[in-house]
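Numbering (the working numbering), first residue to last: 2 to 234.
Every residue gets a Cβ at the ideal spot worked out from N, C-alpha and C, and that includes glycine.
What follows is one structure encoded as structure tokens, with my remarks underneath.
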């Protein structure tokens, strides 16, 4: 009976922690969507802000919402941390122009194309932070690297991207809360298939980055639809 009682207590505790993390994730998304503008029903970002500046702004908002216990050697709001998160979600071409202070490619994308890319970035960042929170551990770069890699290789990433691509809210929007709902819905597209959190004896050595992780599934995040990059064997 004692064993059963102990197991019940652990289960209730885990459910409470999971619920708390979900609530924090929801608040993080709600805060991050403030970077968007709605113009004639179309969602976009201000023309006077470069993608890198906007991404840093959303990262800081999400980081503030979670208030994770972070190792003194790691800055979750740094360029390196942002790079790792972007790397986990986008293909190399999209990643390249997102991390530029000025990008002609990004400037010439449609309003809704920009919005969808940023929405994916917000969703990916929040998912990775949620994964970090669920470990219940002090966050090191090794742990960030691990969770980013697990996300990059999971079905959750692809399903999240598809949900945002299919959402009509970016062309027919009146309230920022509608953007929040669309992003949260995309994040929850495949919760049951989220990757496990294996214990690492040394986080700094765990889960070496696989450069092919973001290319295993054909994507077209950055280029206008109808255009692709052909691979020459």
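- The Cβ atoms of residue 30 and residue 182 do not sit closer than 7 angstroms to each other.
- A residue is called buried when at least 16 other Cβ atoms come within 10 angstroms of its Cβ; residue 95 meets this threshold and is buried.
- Beyond the five residues adjoining it in sequence on each side, residue 124 comes within less than 6 angstroms, by CB distance, of 161, 184, 187 and 188 in the same chain, given in chain order.
- The way I'd put it, the stretch 42-59 does touch the stretch 155-174; three or more beta-carbon pairs between them come closer than 8 angstroms.
- Membership of residue 73 in any alpha helix (DSSP H) is not indicated, and neither H nor E is assigned to it by DSSP.
- The residue among 152, 140, 116 and 151 with its C-alpha nearest the C-alpha of residue 52 is 116.
- Pairing residue 122 with residue 56 gives a Cβ-Cβ distance under 7 angstroms.
- Its chain contains 67, 69, 140, 144, 145 and 148 as the residues whose beta carbon lies nearer than 8 angstroms to that of residue 133, once the 5 sequence neighbours on both sides are disregarded; these appear in chain order.
- Per DSSP, the unbroken beta strand (DSSP E) holding residue 38 starts and ends at 38-40.
- Residue 150 is classed as buried because its beta carbon has at least 16 other beta carbons within 10 Å across all chains shown.
- Burial check for residue 40: the Cβ neighbour count within 10 Å stays below 16, so the residue is exposed.
- Contiguous alpha helix (DSSP H) elements confined to the stretch 158-191 occur at 177-188, taking only those with 4 or more residues.
- For residue 140, the beta-bridge partners assigned by DSSP are 71.
- According to the DSSP secondary-structure assignment, residue 45 is paired through a beta bridge with 38.
- Ranking 61, 24 and 71 by CA distance to the CA of residue 138 puts 71 first.
- Counting every other CB atom within 10 Å of its CB across the protein chains shown gives residue 90 a total of 16 or more, marking it as buried.
- Between residue 33 and residue 62, the CB-CB gap stays under 7 angstroms.
- For the pair residue 60 and residue 83, the CB atoms are nearer than the 7 angstroms cut-off.
- For residue 154 and residue 126, the gap between their C-alpha atoms comes out near 15 angstroms.
- For residue 73 and residue 158, the gap between their C-alpha atoms comes out near 29 angstroms.
- When the five nearest sequence neighbours on each side are left out, the beta carbons in the same chain lying within less than 7 angstroms of the beta carbon of residue 58 are those of 36, in order along the chain.
- Shown here for residue 101: same chain residues with a beta carbon closer than 7 angstroms to its own, the five before and five after excluded, namely 53 in chain order.
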